[in-house]
Amino acid sequence: MVVTEYELKPQNFPRFPLDWSEIFGRKAKIVVEIGFGNGEFLAELARRHPEKDFVGFEVSITSFVKAQKKFKRYNLKNVRLVKVDARFGLRELFPDNSVEKVYINFPCPWPKKRHENRRITSYDFLQTLSAVLEMDGTVEFATDEEWYAREVLDTFESSEYFVVDVFEENFKRDVETRYERKWKSQGKKTFLIVARKVKNGSVKRIMEGENTMAHSVFEGDVTWEKLKELEGKVFKDKNKIFVVKKVYRDGDYLLKVISTDEGGFQQVYYLNLSGRDGKWVLKLDEGSDPYRTPALKWSLRRIPEELTAQGSL
Numbered sequence: 507m508v509v510t511e512y513e514l515k516p517q518n519f520p521r522f523p524l525d526w527s528e529i530f531g532r533k534a535k536i537v538v539e540i541g542f543g544n545g546e547f548l549a550e551l552a553r554r555h556p557e558k559d560f561v562g563f564e565v566s567i568t569s570f571v572k573a574q575k576k577f578k579r580y581n582l583k584n585v586r587l588v589k590v591d592a593r594f595g596l597r598e599l600f601p602d603n604s605v606e607k608v609y610i611n612f613p614c615p616w617p618k619k620r621h622e623n624r625r626i627t628s629y630d631f632l633q634t635l636s637a638v639l640e641m642d643g644t645v646e647f648a649t650d651e652e653w654y655a656r657e658v659l660d661t662f663e664s665s666e667y668f669v670v671d672v673f674e675e676n677f678k679r680d681v682e683t684r685y686e687r688k689w690k691s692q693g694k695k696t697f698l699i700v701a702r703k704v705k706n707g708s709v710k711r712i713m714e715g716e717n718t719m720a721h722s723v724f725e726g727d728v729t730w731e732k733l734k735e736l737e738g739k740v741f742k743d744k745n746k747i748f749v750v751k752k753v754y755r756d757g758d759y760l761l762k763v764i765s766t767d768e769g770g771f772q773q774v775y776y777l778n779l780s781g782r783d784g785k786w787v788l789k790l791d792e793g794s795d796p797y798r799t800p801a802l803k804w805s806l807r808r809i810p811e812e813l814t815a816q817g818s819l
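Note that our numbering gives residue 621 to position 115 of the sequence shown, counting from 1, and the numbers run on in steps of one.
Put into structure tokens, the structure is as follows:
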């Protein structure tokens, strides 16, 4: 059984950030969990606090299936899930001062230097938290890595937007995660940090406003040879980039594209190219459901330019 009633597809909503009171059918405090795993922590929070609404971020399909089964078992009405990188989702889907609390339970510490921008300690993520949390809203961060706990502690203590209310070793909570129980049973140290927002920050959003559908209509002599020469070509412009990974032919043409937007948000999607008598339409393939980001929209404009440029390819 695959339950999908709890999953949101924000990429199909008409405007960003989202109107969460419309989604839940009421105006209530919003609580977010980043990386909800099997969903037990989020389910228990939602069950204990029916007066609040809960949003979970995760990228694992298996986690979505397991979590939704739990929500269905409890007949929960106050929880929704979004399958997207939380760094993007928290920034783009929530208005300023709209979230009461953010839970981050035992995330991957990303110990390698090249991955440090994925940590909670990254400047961009801290700016997002300072914007979307309401005043006196909190971030609750749990980890079993002491170096990571110290780094997060230093980050919040040095921030003008937050004060640290709690830094506790081997903490106890009413609601625990599976990893929490596991580490405690093994006698492993665990660390809890609770930081509270005391000043409003700001964040630059790339999806704010109307979420318009994108496509391109153009004329030109497009051949299979021209399309194949696009494969592997990288296009860059300021804070956006895309590459055409593969081109397929089956009646219409299909282009596999990978794009990256400002902040490192990456997507894989397919573009459909169809036409006759030199008139063409390039649009998102029906099997693709990405966010209509600046990089995606630019790929829909830039590819026709490349195909029809005088003397190109």
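The C-beta atom is built at its ideal place from N, Cα and C for all residues, glycine as well.
- 9 Å or more divides the Cβ of leucine 659 from the Cβ of phenylalanine 677.
- Burial state of tyrosine 775 is buried, judged by a 10 Å Cβ sphere holding 16 or more other Cβ atoms.
- Secondary structure note for leucine 733: its alpha helix (DSSP H) is the uninterrupted segment 730-734.
- Fully enclosed alpha helix (DSSP H) runs of no fewer than 4 residues occupy 592-599 and 629-638 of the segment 591-644, in order along the chain.
- Taken atom to atom, the span from the alpha-carbon of leucine 582 to that of arginine 553 is near 7 Å.
- Closest option to serine 722, judged by alpha-carbon separation, among Arg679, Phe594, Leu790 and Leu551: Leu790.
- Three or more Cβ pairs closer than 8 Å define a contact, and the segment 620-627 falls short of that threshold against the segment 675-692.
- In the structure shown, alanine 552 falls within a helical segment according to DSSP collapsed to helix, strand and coil.
- When beta bridges are read from the DSSP output, glycine 784 appears opposite no residue.
- Taking C-beta atoms under 8 Å as the contact rule, phenylalanine 563 and alanine 592 qualify, at a distance of about 4 Å.
- The Cβ-Cβ distance between arginine 684 and asparagine 544 falls below 9 Å.
- According to the DSSP assignment, valine 658 belongs to the alpha helix (DSSP H) that extends over 652-663.
- With a contact defined as Cβ atoms closer than 8 Å, threonine 634 and valine 709 qualify at about 5 Å.
- Taking the C-beta atoms as reference points, arginine 586 is found no nearer than 9 Å to valine 638.
- Remark: C-beta atoms of isoleucine 712 and phenylalanine 631 do not approach each other more closely than 9 Å.
- From the listed residues Asp559, Arg620, Tyr654 and Asp743, the smallest Cα separation to valine 608 is found for Asp559.
- In the three-state DSSP reduction, asparagine 778 falls in the strand class (E or B).
- Under the three-state reduction of DSSP output, serine 566 falls in the coil class, being neither helix nor strand.
- Here the alpha carbons of arginine 687 and threonine 696 stand approximately 10 Å from one another.
- CA-CA distance, asparagine 611 to glutamate 539, rounds to 8 Å.
- If you check the CB distance, glycine 715 and phenylalanine 522 come in under 9 Å.
- Burial of isoleucine 536 is indicated by the presence of at least 16 other C-beta atoms within 10 angstroms of its C-beta.
- The alpha-carbon separation between alanine 648 and proline 613 amounts to approximately 8 Å.
- Non-local C-beta neighbours of lysine 734 in its own chain, meaning closer than 8 Å and more than five positions away in sequence, comprise Val753, ordered along the chain.
- Shortest Cα-Cα distance from isoleucine 567 to any of Lys690, Thr718, Glu725 and Gly541 involves Gly541.
- The beta-carbon distance between valine 672 and valine 700, rounded to whole angstroms, is 4 Å. This is short enough to meet the 8 Å contact definition.
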